[in-house]
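Student:
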Amino acid sequence: MTLVLWCAVPRAWAAPACAEPVARVASVQGAVELRRGAADWVRVAPEQPLCAGDVVRVGERSRAALLMRNETSLRLDQHTSVTLQAPEAPGGTLIEQLRGIVNVITRTPKPFRLTTPFVNANVEGTEFLVKVGTADASVLVYEGRVVASNPAGEVALGAGEMASGGANTQPVRSLAVRPAEAVHWAVHYPTVRPAAGTELPAVREALALRDAGRVAEAVARLDAVPAQERSGAWRLQRAALLLDVGRVDEAAPELAAIDAGPAYAEALALQAVVALVHNDAPRARALAERAVAADGRAAAPQLAMSYVQQSRFALDDAAAHARAAVALDPGNALGWARLAELYLYAGDAAAARAAALRAVEAGPGLSRAHTAFGFTLLGHFDTATARAAFERAQQLDQGDPLPRMGLGLAQIHEGDLVAGRQSIQIAVSLDPENALLRSYLGKAYAQERRGHHAETQFALAKARDPNDPTPWFYEAMHKLLTHRPVEALDDITRSIALNDRRAVFRSRLLLDEDLAVRGAGLARVYDALGFGRLALTEAAKALAVDPGNAAPHRFLADVYRSLDRHEAASASEELQALLLQPVQATPTRPPHRSAPVMGLIDDSVLGQPDDHTRLFDERGASGRIDLAAGSRGLWSLGVDTSYAAERWALSAGLFRYHSDGFRSNSDITHHIENVLLQAAPDPSLNLQLELARRSTRAGELQQVFDPADRQPGQRNETQQRVGRLGVAWRPGAGHLWLLSRQDVELEDRRLLSSTPLTEVFGGSDAPGHMTELQYQWRTARSTVLLGAGNAQVRHRIDVRVVLADEVGLCPAAAPCVSSAVDPTHERQAYAYWLHRPSAAWSTTLGLSREHREAQGADIRRWHHKLGAIWSPSDGFAMRLASFRTLKRGFGADRTLEPTQVAGFNQFFDDPSSTRAEVLAAATDLTMRPDLRLTLSVQRRKLMGAPGLQGGQWHPGESMSERLLHAQVFWTPAPRVAVRAGVEQDRFGRIPVRAQMDTPTLLRTTSVPLAARYFWPGGRFAELAVTSVRQTVERQPDARQATGRERFTLVDLTLGMQVPGRPVTVSLTAKNLLGERFRFQDDSFRSGELRLGRYLPARSVVLATQMSF
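Number 1108 marks the last residue of the sequence shown (the UniProt record's numbering); no jumps.
This is the structure:
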């Protein structure tokens, strides 16, 4: 048989035995021997290097695994003999299989040839099995393509096909009816360690041989027992030994023959485990129930029932049976290890570690005890000790894939991705039918940017367990990162639909965390497709499930930055995401830390979104560099670096930006620096220290309806410094405490007007601090959020008039200065109950209390929060909300309080002290898998704060907003995404005094139509056409212009991801046709500086992002 693969030889394989090893021994169970040249046969040891010419044979009731230097893994069954020949071509491999069964997993394209006396095979990156008998050989293909050949002819085989033939007969192709049965010998069967018969001398001797890794000799020792002494306990222990090496064909008759006596219950327990491994859950349950009924005092039946209950998604019942096992036998190490596993699945790290320690103490020679201990150590930030535990576990049981899996995760966590992937690959060879192992192997390939191999493993995982959402989710994230969001959409939708199927491994709370992560992942896929409105809905649904998960908060922070008047909401979501994130090496770019900046830059310079979907958490350094240059003097530089150790991480970044602007005196310059230190002294405790500084200089940015109505002398300068301390504490499953203390200082300087004689400056200093505490309590169906905050800001406002000569109101000796100090004190308290009475409903019930003292006013308000999401099917969701808010002042608007109710933003950038009453409704409908519709309407009734205007006291203005959105999203082909819709923003106000230029009516209607195309290999493009109509009305005596305008804008984006490199290049042209038009922006609604949504000037930006 012939196979072809690529790989280099790691130095760690080199050994004095030979200068250039061609393989190493990955796993040994039983009698496995080696002959080198004319030397005698000797036993092989794990990790032993193998040389060209070596012959390896596997004895009866034994197994072995070899890892070739090109990363091909060979799993050898009993009675198998192979010769590792010198390669025929440089970098190639040649293996001669003389007899037995070999299961092969190969992924590389260099020459790899496997020959038999009867049939050979040429392979194209595949998984297959070769069986050599006395007169013929057969080839069974699981994945890929194999050409089976001999001198009489050849036949091409695909997945699920097999061929057999003799030395002189052409191979005959046939369909493999039950291919999984061909590798039952390679499957790992979890043991329940039966106790019956352990008092017998022969059994004790056999178990000692088993613990030494000599299973074949252990079985032989039992076979030496005279026939008249072979009891049911003898059969039971012999069957357990045979299962240790995968000989279910021999073990099954032994177990079936036990129909009474002390061994009967434990025999039923072993049969239940075998039935579970073979995916026969009803039979497994019946056998386990009979085992418990037959002997309720034995631990093994309880452990078998624990596995059965886990397969039925009943983790609480599974844990109860494991606890019963250790109660019946407190020294049962396997019972304690099993209990530790279940505690890990439930997210109770402390209980899991305690149980694992009991397991190691009770059974220092039990592999599963060290494995469970290793996984608990991973969760306690002790990777080095965890790695040692996994290495000890694999020494104790060479056939168990879990220690290899754990070792691989530890190696990846330490930054050795290649070694970690190899360990997981060996785990797959030890249990090729395990879907979860294949999902993790695919994830490792994806992290290595070996996309084809990753997708192969995901496909094999799906085939082995169609109900597991894991491979669907990982493949969706892989496709998203390789610019295939349309395909990713299908995968992640399937993952969400299957989420509860993972209850085999997760408790209800952790399933909710999974669903929140998957929901946030779906939101990111929607965002990559340009389906922003659908993305917001998914993020809201994810937060309704698990508000303590960082992923949906991070996504909302990103999305809010692109929406008008969402700066406070974006800043709040960014704060919550930072507090909730674990210690990680992924940096967040400085402009994303400052929500106001996002409204003052051309977002084309930011290129593609941040990579928040790293498939593995790796320690070490990482970073990103962003470069951009464009028209109108635009340039930007962003550098972000991060280093993550075991218990702490440090990230730092800077951002520089300049643009000459879309007209004279509209230039913008930003300087931003930030540092974030994270520390986790305990897995339940996360501490953060953040320092940030921003400097912004800008000219006149406001767009009014008449382009000629300008203030050419206007200049703006802002200096901001932020220091933040954060604490996130999870004292137990379902409990979360958050604490945030922020100290902020803002200096704002503006040149309000300039004439030949005078310059009028306005400025303010606003040092302040805010402290906020929040508690979250989650149960299976509900989450309670309780929070309180206190903020104090001292505003100092200065107006200064500088005279060019002595003419004027102020004396020439000094500038005319007026100052005022306005201390502000704000206190908030809130309570939210997020409840899911059924899978179709998510409800929000909340109440907040606001107390604000500012500008001589004392405002005390109660605000209700009501929301509901009804999703009776995967393709339909309706959202309703009613709530009231009070706009907080600067320093208090970056809050831990939920920013949204049923997906509707609470915290718009209104002027301080503005009261809002909101009614909102939305519907999301999937009409076909490729066609989605969303409708949304939101009405906001606003009341401005009363105060002095023009030297007179005026009541607050009554205002109203109506926001309408209707959009259709279509994915007609795997590489095409189309969106179209209508959006309308209507603002109206009732003026309280004359001669105000603020519009009394501003209605902006836009009709966007856009299409995105994604080429194979990472290229992408978008063409967008947006028609805009605007109506502006003012008071009759207003100075500024009124009227109507309509225009159409064309935007174009082209980009590509460099193949095999973390580099993305994009070219974006906005207002491609250079359309000139009148437009009134909405900055007057918040009083903040920001660029308008539409600019009457063409802009072209070339941006590059590089990650490392």
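For glycine and all other residues, C-beta sits at the position ideal for the given N, C-alpha and C.
Per DSSP, Arg962 forms a beta bridge with which residues?
Tutor: DSSP output for Arg962 lists Arg939 and Arg986 as bridge partner(s).
Student: Where does Glu1088 sit, in a helix, a strand or coil, going by DSSP?
Tutor: Correct three-state label for Glu1088: coil.
Student: What are the complete beta strand (DSSP E) segments, minimum 3 residues, inside the stretch 640–721?
Tutor: Fully enclosed beta strand (DSSP E) runs of 3 or longer: 648–659, 668–682 and 685–698.
Student: Do you know offhand how far Gln394's Cα is from Arg214's?
Tutor: Going by the C-alpha atoms only, they are around 14 Å apart.
Student: Rounded to whole angstroms, how far is the Cβ of Leu417 from the Cβ of Glu646, which I believe are closer than 8 Å?
Tutor: That pair is no contact at about 17 Å.
Student: Please state the DSSP three-state secondary structure of Ser913.
Tutor: It is coil, neither helix nor strand.
Student: Which term fits Gln228, buried or exposed, when burial requires 16 or more other beta carbons within 10 angstroms of its beta carbon?
Tutor: When all chains shown are included, Gln228 counts as exposed.
Student: Give me the residue from Ile797, Leu242, Pro1008 and Asp558 with the minimum Cα distance to Ala571.
Tutor: The candidate whose alpha carbon is nearest that of Ala571 is Asp558.
Student: Between which two residues does the alpha helix (DSSP H) containing Leu222 stretch?
Tutor: Where Leu222 is concerned, the enclosing alpha helix (DSSP H) stretches over Val215 to Asp223.
Student: Could you check whether Gln703 and Leu1040 sit closer than 8 Å to each other, using their CB atoms as the reference points?
Tutor: Leu is not the amino acid found at residue 1040; the sequence shown has Gln there. Taking 8 Å as the Cβ cut-off, Gln1040 and Gln703 do not qualify as a contacting pair.
Student: Quick check on the DSSP output: the alpha helix (DSSP H) that includes Glu573 runs from which residue to which?
Tutor: Taken as a continuous stretch (DSSP letters only), the alpha helix (DSSP H) holding Glu573 covers Glu567 to Leu580.
Student: Taking all protein chains shown into account, decide if Ala14 is buried (16 or more other Cβ within 10 angstroms of its Cβ) or exposed.
Tutor: Only weak support exists for where Ala14 lies, its pLDDT of 36 falling under 50; the value from the coordinates is given anyway. Exposed, since its Cβ has fewer than 16 Cβ neighbours within 10 Å.
Student: My assumption, with CB atoms under 8 Å, is that Pro1059 sits in contact with Gly1018. Please give the rounded CB distance.
Tutor: Confirmed, about 6 Å.
Student: Should the stretch 566–585 be regarded as contacting the stretch 920–931, the criterion being three or more beta carbon pairs within less than 8 Å?
Tutor: No, because fewer than three Cβ pairs between the stretch 566–585 and the stretch 920–931 fall closer than 8 Å, the two stretches do not touch.
Student: Helix, strand or coil for Ala65, going by three-state DSSP, please let me know.
Tutor: In the structure shown, Ala65 sits in a strand (DSSP, three-state: E or B).
Student: Verify whether the separation of the beta carbon atoms of Leu396 and Gly365 is less than 8 Å.
Tutor: A contact, by the Cβ cut-off of 8 Å.
Student: State buried or exposed for Gly1108, treating a residue as buried only when at least 16 other CB atoms are found within 10 Å of its CB.
Tutor: The residue asked about is misnamed: residue 1108 is Phe in this sequence, not Gly. Burial call: exposed.
Student: When the Cα of His670 is compared with those of Ala64, Ser659 and Arg663, which residue comes out closest?
Tutor: Selected option, being the one with the closest Cα: Ser659.
Student: Hey, could you find the ends of the beta strand (DSSP E) Met996 is sitting in?
Tutor: Premise fails: Met996 is in no beta strand (DSSP E) and is neither H nor E.
Student: Comparing C-alpha positions only, which one of Gly661, Leu1089, Thr641 and Arg663 sits nearest to Phe655?
Tutor: Of the candidates Gly661, Leu1089, Thr641 and Arg663, the one whose C-alpha sits nearest the C-alpha of Phe655 is Thr641.
Student: Rounded to the nearest angstrom, what separates Thr80 and Ala64 at their Cα positions?
Tutor: Cα to Cα, Thr80 sits roughly 10 Å from Ala64.
Student: Using the beta-carbon count (16 or more within 10 Å), is Ser62 buried or exposed?
Tutor: Ser62 should be labelled buried.
Student: Taking 8 Å as the cut-off, does the stretch 310–326 touch the stretch 340–356 (at least 3 CB pairs, one atom from each stretch)?
Tutor: Yes, since at least three Cβ pairs between the stretch 340–356 and the stretch 310–326 fall closer than 8 Å, the two stretches touch.
Student: Rounded to whole angstroms, what's the CA-CA distance from Ser149 to Arg368? Just pull it up for me.
Tutor: If you take the alpha carbons of Ser149 and Arg368, they lie about 43 Å apart.
Student: Roughly how many angstroms lie between the CA atoms of Arg508 and His553, to the nearest whole one?
Tutor: Below a pLDDT of 50, predicted positions are generally treated as unreliable, and Arg508, at 39, falls in that range; the measurement from the model is reported next regardless. So the two alpha carbons sit approximately 21 Å from each other.
Student: Could you compute how far the alpha carbon of residue 1130 sits from the alpha carbon of Gly166?
Tutor: The chain is shown only over 1 to 1108; residue 1130 falls outside these bounds and no answer can be derived.
Student: Quick check: what's the CA-CA separation for Leu480 versus Ala652?
Tutor: Distance between the alpha carbons of Leu480 and Ala652: 26 Å.
Student: Mark Ile990 as exposed unless 16 or more other C-beta atoms lie within 10 angstroms of its C-beta, in which case mark it buried.
Tutor: So Ile990 ends up on the exposed side.
Student: Given a cut-off of 8 Å on the beta-carbon distance, is the pair Arg884 and Glu853 in contact?
Tutor: No, the pair does not count as a contact, with Cβ atoms beyond the cut-off.
Student: Would you kindly work out how many angstroms separate the C-alpha atoms of Ser73 and Ala186, rounded to a whole number?
Tutor: So the alpha carbons of these two residues sit roughly 13 Å apart.
Student: Cα-Cα, which of Leu1001, Ala257, Ala291 and Leu243 is closest to Ala265?
Tutor: Of the listed residues, the one whose Cα sits closest to Ala265 is Ala291.
Student: Return the bridge partner residues of Gln55 from the DSSP annotation.
Tutor: First, the amino acid is wrong: residue 55 is Val here, not Gln. Bridge partners of Val55: Arg35 and Thr83.
Student: Please report the distance separating the alpha-carbon of Val545 from that of Arg915.
Tutor: Their backbone Cα atoms lie some 29 Å apart in a straight line.
Student: When DSSP labels each residue in this structure, what does Lys541 get in the three-state scheme?
Tutor: Looking at Lys541 - three-state DSSP - the assignment turns out to be helix.
Student: Val44 by DSSP, collapsed to three states: which one?
Tutor: Of the three classes helix, strand and coil, the one that applies to Val44 here is coil, per DSSP.
Student: If you compare alpha carbons, which of Arg107, Gly153 and Ile95 is closest to Val130?
Tutor: With distances taken between Cα atoms, Val130 lies closest to Ile95.
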